[in-house]
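Q:
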Amino acid sequence: HKGLNAEAATAALVNLALVTGALRGDVGGLFPVDQKGNIQGVVDMGIAPELLPGQKPYADARAAFEKAWQVSLPEGGRDAAGILAGIESGDIRLLYLAGVNPLVDFPEAGRWRKALEKVEFLVVQDILASELTEMADLVLPGASFAEKSGSVTALDGRVGYLQPAIASPGDARPDSWIFAALLARITGHAAPSDSALQAEIKELTGLFEDVCFSANGRKSCLKLPWSPAQKGIELAQVAGATLEEAPLLLVGKSMAHFGSTTTAAPGPLQVESEGRVEINPEDLAAFGINDGATATLSTALGSVKARVKANPNLPAGLIFAPAHFADTPVMGLVPAGSNLVKVQVAKG
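Counting from 1, position 196 in the sequence shown corresponds to residue 198 in the numbering used here; the numbering is continuous, with no gaps.
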């Protein structure tokens, strides 16, 4: 679920699981699936602007981390919406994007395009050339998951450690290497060793046990299974779309692709080669559009053309489009904080 009500919707799911007994014993539970790999790991490391490593609230843990790192931390960070607003207001003049493409991945792509054209200096760190790298003032070629070492945290608490399977091409370097080189340039200090980093992570986050396993040359460790919440979850009213708002466009994921990266890989493209729009056959007939034809989807934020696929499993009034493909940038049609929007559909 995406949107301004995502937190409330998540709380409602937790409450539903509690009142139905789905969390009783070790035979049930909730298993949320993140959109991209290792989301759990980067959140554990404090990637969210409101959190520090260990998923600790920024305001509560700031002093402890300032003491450990011997620095003064800023008042707080900005999420994507805050960064976008900061560029538009002129507060942010340099932007460093690593492993993300707002032109494909984010809502309001047209607004992001204007912001990226406005920013004075744009740094893009990624593994694939794209329209975004063409806009960049500096491109830092990164390494793919198969070309670097690191860890991946699963939702069940296992932390797996990876080793590179192949060498990086050309000047491509792992993200950690690039960040360490920048740290050395800025501070004059060499990056800490892997063992020192692991010790610091364990000490400051309080998330990890000493239990580790090695098998077939691979190592995995365990996170602490849970920690008590500071407060309960309240019941929130989540407003849903009404039938009068149909047709509605729902932007989501395809089973054949992972983010936008796999749209450059031959294997996934054999399963799903292009972006599409799925529409209930009854709606197609009402629109006067044939299965396999091209349709134009329009919202207040722009228009996108895509091939139509009839899907009888979709309820009438709901249109689905996957968000992976740069040639059908449907994320640009939805407002920030949502993946559902009223849409107009036309032939061609």
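Cβ atoms here follow ideal geometry from the backbone N, Cα and C, with glycine treated the same way.
Please name the residue in Leu140, Pro104, Phe210 whose C-alpha comes closest to that of valine 125.
A: Checked all of Leu140, Pro104, Phe210; the closest Cα to valine 125 is Leu140.
Q: To the nearest angstrom, report how far apart aspartate 293 and arginine 309 are at their CA atoms.
A: Roughly 8 angstroms between the two C-alpha positions.
Q: Is the separation between the beta-carbon of proline 171 and that of serine 151 shorter than 8 angstroms?
A: Result no, Cβ atoms of proline 171 and serine 151 do not sit closer than 8 angstroms.
Q: Do glutamine 57 and leucine 157 count as a contact pair if the criterion is CB distance below 8 angstroms?
A: Cβ atoms of leucine 157 and glutamine 57: not closer than 8 angstroms.
Q: I'd like to know if the region 47-56 and the region 22-36 are in contact, where contact means that at least 3 CB-CB pairs between them fall below 8 angstroms.
A: The region 47-56, when compared against the region 22-36, does not touch it at the 8 angstroms Cβ threshold.
Q: If you drop the 5 nearest sequence neighbours on each side, which residues of the same chain put their C-beta closer than 6 angstroms to that of glutamate 122?
A: So the list reads Arg95, once near-sequence residues are dropped.
Q: Once DSSP output is grouped into helix, strand and coil, what is the label at alanine 297?
A: Strand at alanine 297.
Q: Counting only the same chain and skipping the five closest in sequence on each side, list residues whose C-beta sits under 8 angstroms from that of histidine 3.
A: Residue placement at histidine 3 is poorly supported in this model, since its pLDDT is 45, which falls under 50; the coordinates still yield a value, given next. Counting only Cβ-Cβ distances below 8 angstroms, and skipping sequence neighbours, we find Ala11, Thr12.
Q: Three or more beta-carbon pairs under 8 angstroms between the region 326-342 and the region 105-114, yes or no?
A: These segments touch.
Q: Quick check on alanine 174: does DSSP put it in helix, strand or coil?
A: Reduced to three states, the DSSP call for alanine 174 is coil.
Q: Is it true that the CB of lysine 349 sits closer than 8 angstroms to the CB of isoleucine 291?
A: Yes, the pair counts as a contact, with Cβ atoms nearer than the cut-off.
Q: Note down the Cα distance separating glutamine 72 from glutamate 9, rounded to an integer number of angstroms.
A: Approximately 34 angstroms, taken between the alpha carbons.
Q: Using CA coordinates, which residue listed in Phe67, Arg80, Lys38, Pro109 is at the minimum distance from threonine 301?
A: Residue Pro109 is the option with its Cα nearest to threonine 301.
Q: Could you check the C-alpha separation between glutamate 351 and alanine 70 for me, to the nearest Å?
A: Any question about residue 351 goes unanswered here, given that the chain covers just 3 to 350.
Q: Would you say alanine 174 and glycine 144 are within 8 angstroms of each other, going by their C-beta atoms?
A: Cβ atoms of alanine 174 and glycine 144: closer than 8 angstroms.
Q: Within the chosen definition, does the region 184-200 reach the region 125-136 through at least 3 CB pairs nearer than 8 angstroms?
A: The region 184-200 is not in contact with the region 125-136.
Q: In the DSSP output, which residue or residues are listed as bridge partners for arginine 309?
A: Answer is Arg278, Thr296, bridged to arginine 309.
Q: With a threshold of 8 angstroms on Cβ separation, who are the neighbours of leucine 286 within its own chain once the five nearest residues in sequence on each side are excluded?
A: Only Asn292, Asp293, Val310, Ala312 meet the Cβ criterion.
Q: Should proline 317 and lysine 255 be called a contact, given that it needs their Cβ atoms to be closer than 8 angstroms?
A: No; because the gap between Cβ atoms is not below 8 angstroms, this pair is not in contact.
Q: Using the Cα positions of threonine 263 and methionine 137, report the straight-line distance between them to the nearest angstrom.
A: Spanning the two alpha carbons is a distance of roughly 18 angstroms.
Q: Within the same chain, show all residues whose beta-carbon is closer than 8 angstroms to that of glycine 88, passing over the 5 residues directly before and after it, in chain order.
A: Contacts found: Arg80, Ile94.
Q: With a 10 Å radius around its C-beta and 16 neighbouring C-beta atoms as the bar for buried, classify leucine 86 as buried or exposed.
A: With 16 or more Cβ atoms within 10 Å of its Cβ, leucine 86 is classed as buried.
Q: Measuring CB to CB, does alanine 169 end up less than 8 angstroms from glutamine 127?
A: Contact: no.
Q: Quick one: complete alpha helix (DSSP H) runs, 4+ long, within the region 64-92?
A: Fully enclosed alpha helix (DSSP H) runs of 4 or longer: 82-91.
Q: Go ahead and pull the three-state DSSP assignment for arginine 95.
A: Coil.
Q: Helix, strand or coil: which one does DSSP assign to glutamine 127?
A: If DSSP states are grouped into helix, strand and coil, glutamine 127 belongs with the strands.
Q: Using only the alpha-carbon positions, how far apart do alanine 1 and aspartate 46 sit?
A: Outside the displayed range of the chain (3 to 350) lies residue 1, so it cannot be described from this structure.
Q: Would you call the CB atoms of valine 345 and leucine 299 closer than 8 angstroms?
A: Yes, these two residues count as a Cβ contact at 8 angstroms.
Q: Which of helix, strand or coil does DSSP assign to threonine 189?
A: Here threonine 189 sits in helix by DSSP.
Q: Which residues in the same chain as leucine 142 place their Cβ atom closer than 6 angstroms to its Cβ, once the five residues preceding and following it in sequence are excluded?
A: Cβ neighbours of leucine 142 beyond the five flanking positions: Gln127, Ile180.
Q: Given this structure, state the Cα-to-Cα distance separating proline 55 from leucine 164, to the nearest angstrom.
A: Their Cα atoms are separated by approximately 21 angstroms.
Q: Would you mind stating whether histidine 259 and glutamate 276 have Cβ atoms separated by less than 8 angstroms?
A: Contact: no.
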